[in-house]
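I have placed the structure first, in the form of structure tokens, so that the comments after it can refer back to it.
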Ligand SMILES: *[C@@H]1O[C@H](CO)[C@@H](O)[C@H](O)[C@H]1NC(C)=O
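Residue numbers (the UniProt record's numbering): 1 to 415.
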């Protein structure tokens, strides 16, 4: 997919595959130039040898988050490595130590975003939030979105709506479970998060037959021709002037709408999908969680942590790849950007503004899924044999769909 590469940057805030940040070196160079004027020696991080024109693109491969650590190991730069994507220098940050350095100590520098042509085209001249250059437009657009869509108050006010959507999801699974039908979680979960976001942001759902792309296209059309707020009152805040005279123009509105959907739907459903996959692959953990959740919904915090595992052995011990959510019970690790060994939402100024939104949906949904059902794989497949390959894309989702056979456990219907 052509949009994958330019959107890598957009995904950084939500992509928890590794403690890995792409940053355009231009900023770093300009900062180290400044530093060297003050007498400090500017050092370039190590780079693998590069080809003319291609740079290191041929070495990056299909799964950059997997090849980067291998490259860094080979070419001797565990913390930082300088690659070239074509002629564009790209700094790869591979450890929590370096991530802290880049995102905290040099927060201001890393808060900027590269000027990528494709992203510009897709995201209306980067007038969105995720890809906008660091500056006044970004500050104000983000402020508006947080205020009207992502604030704790707004998220709390949508509590009933979320519960209702989770209830619908559970009921759909229940219906299949009653007839022993296979449940395709890879299909169900994205519908669920789409519905939640649509209802929160637009105040209504669209029926299952509306292709999401068409819906977005229609929405964008509205922005161009008419006043969005008149048709979707929930979005009228996008067009209102704020007291300090900031307002989004047509492109700005479109870009922000696109951001909300890109940032809030796939990320959330992919997270749920992986969490369910890991749990099915590790029946011991599943059982423990089910016991806990069935005793009382409450201890669900572990799960969100469990999912976004940083994989640096220096931080995570001998088996960083293993799904051991218990490790988070011992180590107090903040996953909201304070502790850099785990940054599923990014960190610093550009950290994800939708953290509360994501957690509110994921925790309760997952708790309900594991509380109300026991889960098996089709055809008697054992959990340990479940294929965990990821595919390339904005949110590194599962390569193969997650097909499951649920059986109903609790007779109690969710409210
Ligand atoms: C499961 O859903 C995914 C995503 O919609 C789809 O690509 C896949 O074909 C479905 N698989 C089955 C067996 O229904």
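Even for Gly, the Cβ is constructed at its ideal location relative to N, Cα and C.
1) What separation, rounded to the nearest whole angstrom, lies between the Cα atoms of residue 202 and residue 120?
2) With distances taken from each beta carbon to the nearest heavy atom of ligand 1, which residues come in below 6 Å, in chain order?
3) For residue 387, collect the residues of the same chain with a Cβ closer than 6 Å to its Cβ; drop the 5 residues on either side in sequence, then sort them by chain order.
4) Three Cβ pairs or more, each shorter than 8 Å: is that satisfied between the region 42-62 and the region 82-95?
5) Compare the C-alpha of residue 170 against each of 375, 377, 402, 369 and name the closest.
6) For residue 111, I'd like the list of residues in its chain whose CB is within less than 8 Å of its CB, leaving aside the five on either flank, ordered along the chain.
7) With which residues is residue 55 paired in a DSSP beta bridge?
8) Mark residue 402 as exposed unless 16 or more other C-beta atoms lie within 10 angstroms of its C-beta, in which case mark it buried.
9) Between the C-alpha atoms of residue 153 and residue 145, what's the straight-line distance to the nearest angstrom?
10) Report the three-state DSSP secondary structure of residue 171 (helix, strand or coil).
11) Within its chain, find whatever has a CB closer than 6 Å to the CB of residue 404; leave out the 5 residues flanking it on each side and keep chain order.
12) DSSP three-state call for residue 406: helix, strand or coil?
13) Out of 356, 353, 338, 377, state which residue places its alpha-carbon closest to the alpha-carbon of residue 103.
14) If you count every other CB in all the chains shown that lies within 10 Å of the CB of residue 423, and 16 or more means buried, which is it?
15) What do you get for residue 332, buried or exposed, if any count of 16 or more other CB atoms within 10 angstroms of its CB means buried?
16) Under three-state DSSP, which class holds residue 91?
17) Would you mind sorting residue 150 into buried or exposed? The rule is 16 or more other CB atoms within 10 Å of its CB.
18) For the candidate residues 363, 98, 177, 326, whose alpha-carbon lies nearest to that of residue 285?
19) Give me, in chain order, the residues of the same chain whose beta-carbon lies closer than 6 Å to that of residue 378; leave out the 5 immediate sequence neighbours on both sides.
20) Whole angstroms is fine: what's the gap from residue 329's alpha carbon to residue 322's?
21) Spell out the partners DSSP gives residue 384 in its beta bridges.
22) Starting from the Cα of residue 232, find the closest Cα among 206, 246, 247 and give me that residue.
23) With DSSP as the reference, please indicate the residues paired to residue 374 in a beta bridge.
24) Provide the residue(s) that pair with residue 430 in DSSP beta bridges, ordered along the chain.
25) Hey, could you find the ends of the alpha helix (DSSP H) residue 136 is sitting in?
26) Are the beta-carbon atoms belonging to residue 125 and residue 251 less than 8 Å from one another?
27) Name the residue from 54, 249, 79, 100 whose alpha carbon lies nearest to the alpha carbon of residue 87.
28) Going by DSSP, what residues sit across from residue 184 in a beta bridge?
29) DSSP three-state label for residue 163, please.
30) Looking only at C-alpha atoms, which of 363, 69, 89 sits nearest to residue 95?
31) Taking only three categories from DSSP, how would you classify residue 44?
32) Using alpha carbons as the reference points, say which of 162, 89, 367 lies closest to residue 291.
33) Can you give me the start and stop residues for the alpha helix (DSSP H) that residue 293 sits inside?
So, from the listed chains and residues:
1) 25 Å
2) 184, 186, 187, 401, 403
3) 400
4) yes
5) 369
6) 134, 348, 349, 350
7) 51, 85
8) buried
9) 13 Å
10) helix
11) 183, 185, 375
12) strand
13) 338
14) Because residue 423 is not part of the residues shown, which for the chain are 1 to 415, the question remains open.
15) exposed
16) strand
17) buried
18) 326
19) 182, 403, 405
20) 15 Å
21) Paired residues: none, contrary to the question.
22) 206
23) 407
24) The question about residue 430 has no answer, for the chain in this structure spans 1 to 415.
25) 136-145
26) yes
27) 54
28) 403
29) helix
30) 69
31) coil
32) 367
33) 283-295
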